[in-house]
Each structure stands twice: as C-alpha cells, then as structure tokens.
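Engineer:
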Amino acid sequence: MPDDEPLRTRALGVEETIGRRIHILRGERVLLDADLADLYGVRTKRLNEAVRRNRARFPADFMFQLSAEEALDLRSQFATSSSASYGGRRYLPYAFTEQGVAMLSSVLNSARAVAVNVLIMRTFVQLRRAEGEYAELRQRVGELAEKLRGHDELLSEILSVLDALGPAPPSSRPIGFRPSQGPRR
4 MPDDEPLRTR
14 ALGVEETIGR
24 RIHILRGERV
34 LLDADLADLY
44 GVRTKRLNEA
54 VRRNRARFPA
64 DFMFQLSAEE
74 ALDLRSQFAT
84 SSSASYGGRR
94 YLPYAFTEQG
104 VAMLSSVLNS
114 ARAVAVNVLI
124 MRTFVQLRRA
134 EGEYAELRQR
144 VGELAEKLRG
154 HDELLSEILS
164 VLDALGPAPP
174 SSRPIGFRPS
184 QGPRR
C-alpha cells in the first residue's frame, strides 16, 4: 500500500533514534528511564511510578538504578545540567535491559507503548546481529594479518605497482559531439 511508506520511513527514523539511546552499562545494553519515557510519550515520573507499582515484574537483571558515579559519567557525556537545583534530576536514573523493556509493554498498556516496544526489540536484534558480524570480520582480519605477517615488503611493492597502474590519463581528444564546432572534413 502506498500509505505504508511514510509509516516505514518514520519507523526507520525511530529505530535510529532508539539505537542512539542504547547505552552499555555494567556490561549490559540498556535504555534509561527518561529515554524510554520520551519514546513512549509519557513523563519519566509516570513511567517510574508504573514500574514501582509493578516492582515484582522488574528483577535486578531487568532493571537497575544507576550509581551516582554512573549517572555523573552519563551527565558529563551528554552535557546535561549538573544538579536538581539547576533543573536536573532529583533521583538517580533507572536503566532497563532488553528484558526490562519487554516487561514495560505489559505495564504501560497503550498502543504507542506496544508499537515502540516492537521497534525497540527490533533494534536490540539488529545490534546483536551487527555485533556478530563485527566479531566475524574481526576474526577474519586477524587471520589475514597472521597470514601476511612478514610480507610487508611484498605488500609495499604490490601497492606501488597498483598505484602506477592507476586510472588511465585522460584522452587528449574529447569524445562526443560539440555543436560549436563545424563539420569535420
């Protein structure tokens, strides 16, 4: 359907936005409560209230509160305000793992929350897939480097020959029709 294209384009934009909001903390990929609230279209305070009312659904491997040091590191990374008195947060942020984000869809029961959760889950899958491809590429480059060890002179010679071959010099006589010139005889 032609109407699906703008929806797909918007979804891709949201997936890119989600990807930029995923952080690695304590060895886990996480989304912060404020970022999730923004994506879901609710206030951070309301998201955290919903989580508190359903605390049994969020064990430590689904959600954790950042330490003061972690929050400070993130704050300096994003150049946000430094304290509550300057408009910053009063409480340390919560970080939600992939499983915690999935659990949020059952706590925040809205059509937008479900749609955003689908996009977040797809983004996590894409990140895992990319990580696997990166690991494979890294392994291949390592194997190639091992094979080529000791062949530096040969590689330099091959590169200089390739540079010498390079693109052919431009023809002295251009090809094509030129209306400003008269007929050739």
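Just so we're aligned: 174 in my numbering is position 171 of the sequence shown, and the numbers increase by one with no gaps anywhere. Glycine included, each C-beta is placed from N, C-alpha and C at the ideal position. Since we're looking at a predicted model, the values are computed, not measured.
1) For S86, which residues from the same chain have a beta carbon less than 7 Å from its beta carbon, with the 5 sequence-adjacent residues on both sides left out?
2) Between L69 and L35, is the Cβ-Cβ spacing less than 9 Å?
3) Is it right to say Y97 is buried, meaning 16 or more other beta carbons lie within 10 angstroms of its own, or is it exposed?
4) For F127, name the three-state secondary structure that DSSP assigns.
5) When you compare each of E31, A118, P62, R141 to Y43 by their alpha carbons, which one comes out closest?
6) Leaving aside the five residues before and after E31 along the sequence, list all residues of the same chain whose C-beta is less than 6 Å from its C-beta, in chain order.
7) For the segment 154–167 against the segment 124–135, are there 3 or more C-beta pairs whose distance is under 8 Å?
8) Would you say L122 and I21 are within 9 Å of each other, going by their C-beta atoms?
9) By the DSSP assignment, the beta strand (DSSP E) with I27 in it spans what residues?
10) Extract the residue ranges of the alpha helix (DSSP H) inside the segment 95–166, only unbroken runs of 4 or more that lie entirely within it.
11) Once the 5 residues before and after A37 are set aside, which same chain residues still bring their CB inside 7 Å of it?
12) Taking only the alpha-carbon atoms, compute the straight-line gap between A63 and R23 and give it to the nearest angstrom.
13) Note down, in chain order, each residue of its chain lying with its Cβ closer than 7 Å to the Cβ of N51, except the 5 sequence neighbours on either side.
Structural biologist: A quick look at the data gives this:
1) In this predicted model, S86 has a pLDDT of only 49, less than 50, meaning its place in the structure is not dependable; the value taken from the coordinates is given anyway. Result list for S86: empty, nothing under 7 Å.
2) yes
3) buried
4) helix
5) A118
6) T100
7) no
8) yes
9) 26–28
10) 101–110, 114–151
11) T47, P96
12) 24 Å
13) D36, Y97
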